[in-house]
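**Student:** Numbering (our numbering), first residue to last: 984 to 1272. The beta-carbon is built from N, C-alpha and C at its ideal position, and this holds for glycine as well. Note that the structure is a prediction, hence the values are computed from the model and not measured.
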Ligand code: A3P
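So this is what it looks like as structure tokens:
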């Protein structure tokens, strides 16, 4: 496939395929019972999607998980060659619909706010996202060549990657979390105590479940189980699009892997920059647990 070109859209570098089709996304008609999983790429989108889908199925694996996660939780702005667009998938999806997006909050179609649809936002610390995103560029054949790690890291810190700046993304959603129906969660919290975070989701979704079912959901959505589950690990997507031969989509699934990749100098530079870019927010991350 030809390499994805990034073009500025509302000030954010986006894949040209998405930019060219932007009107259909912008005009998307949300429904009040839609549930959106929103994330900066690599923050735990697939994990949260699997959890939410299981919640909607009442913990019943037969009901929930026979199809791929790609079809069960369509990707709103997706426009992948040879596949229906996210908007097309959603047009025929039965309600209540689940969907995912990586859009910064200022690019969300207005309809979601007009309908007061619920959004679960998952944020993950900047360093682990950088590492995960770097490897993801090697898996997705259409993504631009990330270059060596140090070069990619500089681009990431500059917001010169698909979906733009991690800083703007996490802060943008954080600042608006009380203006809309948004539950703001952290990947590190999900790692620390998945059942506690599943309970937060249940509360937000106004659902109740027995401890046994919560336990079952936590087990089914644990990294080790999802890694071997082809309905969740994107193994069903053809190799020409997603090449998992050298590194998997379900790569490590931990908090703190950045320590294996950042040099001391890169870490110092990153921390300094981080302090500056996050000085205007009280949003706090843990980059290890
Ligand atoms: P790593 O590359 O650090 O392993 P997304 O779904 O947003 O693209 O995020 C992918 C990241 O989430 C990958 O991170 C992947 O391994 C991790 N992940 C996926 N499922 C997970 C799970 N059940 N538990 C923990 N991490 C998970």
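1. Can you tell me which of the three DSSP states residue 1104 falls into?
2. Could you give the first and the last residue of the continuous alpha helix (DSSP H) run that contains residue 1123?
3. Quick check on the burial criterion: 16 or more other C-beta atoms within 10 angstroms. Buried or exposed for residue 1175?
4. Quick test of the definition: if touching needs 3 or more C-beta pairs under 8 Å, does the region 1030-1040 touch the region 1081-1088?
5. Rounded to whole angstroms, what is the Cα-Cα separation between residue 1216 and residue 1200?
6. Using the C-alpha atoms, what's the distance from residue 1242 back to residue 1272?
7. Measure the CB-CB distance between residue 1092 and residue 1076 and report whether it falls below 8 Å.
8. State the CB to CB distance for the pair residue 1106 and residue 1167, rounded to an integer number of angstroms; the pair is presumed to be in contact (CB under 8 Å).
9. Roughly how many whole angstroms lie between the Cα atoms of residue 1099 and residue 1010?
10. Over the uninterrupted alpha helix (DSSP H) stretch that includes residue 1184, give me the two end residues.
11. Do residue 1214 and the ligand A3P come close, with the Cβ less than 7 Å from some heavy atom?
12. Nearest to residue 1244 by alpha carbon, out of 1001, 1110, 1007, 1120?
**Tutor:** Reading it off the structure:
1. Here residue 1104 corresponds to residue number 121 of the chain shown, with the count starting at 1. In the three-state reduction of the DSSP assignment, residue 1104 falls in the strand class.
2. Here residue 1123 refers to the residue found at position 140 when the chain shown is read from its first residue. Residue 1123 -> no alpha helix (DSSP H), and no H or E assigned at all.
3. On the chain shown, position 192 is the one that residue 1175 refers to. Taking all protein chains shown into account, residue 1175 has fewer than 16 neighbouring C-beta atoms within 10 Å of its C-beta and is therefore exposed.
4. Enough Cβ pairs lie closer than 8 Å, so yes.
5. As a position in the chain shown, residue 1216 is number 233, starting the count at 1. As a position in the chain shown, residue 1200 is number 217, starting the count at 1. The straight-line gap from Cα to Cα measures roughly 16 Å.
6. Within the chain shown, residue 1272 is the residue found at index 289, counting from 1. Within the chain shown, residue 1242 is the residue found at index 259, counting from 1. Straight-line Cα distance between these residues: approximately 12 Å.
7. As a first step, residue 1092 is located in the chain shown; it is residue number 109 there, counting from the start. As a first step, residue 1076 is located in the chain shown; it is residue number 93 there, counting from the start. No.
8. Residue numbering aside, residue 1106 sits at position 123 when the chain shown is read from its first letter. Residue numbering aside, residue 1167 sits at position 184 when the chain shown is read from its first letter. Confirmed, about 7 Å.
9. On the chain shown, residue 1099 is found 116 positions in, with the first residue counted as 1. On the chain shown, residue 1010 is found 27 positions in, with the first residue counted as 1. Taking the straight line from one Cα to the other gives about 16 Å.
10. Residue 1184 sits at position 201 when you count from the first residue of the chain shown. Looking at the DSSP string, the run of the alpha helix (DSSP H) that includes residue 1184 is 1177-1187.
11. Residue numbering aside, residue 1214 sits at position 231 when the chain shown is read from its first letter. No, the beta carbon of residue 1214 sits no closer than 7 Å to any heavy atom of the ligand A3P.
12. Against the chain shown, residue 1244 aligns to sequence position 261. Ranking 1001, 1110, 1007, 1120 by Cα distance to residue 1244 puts 1110 first.
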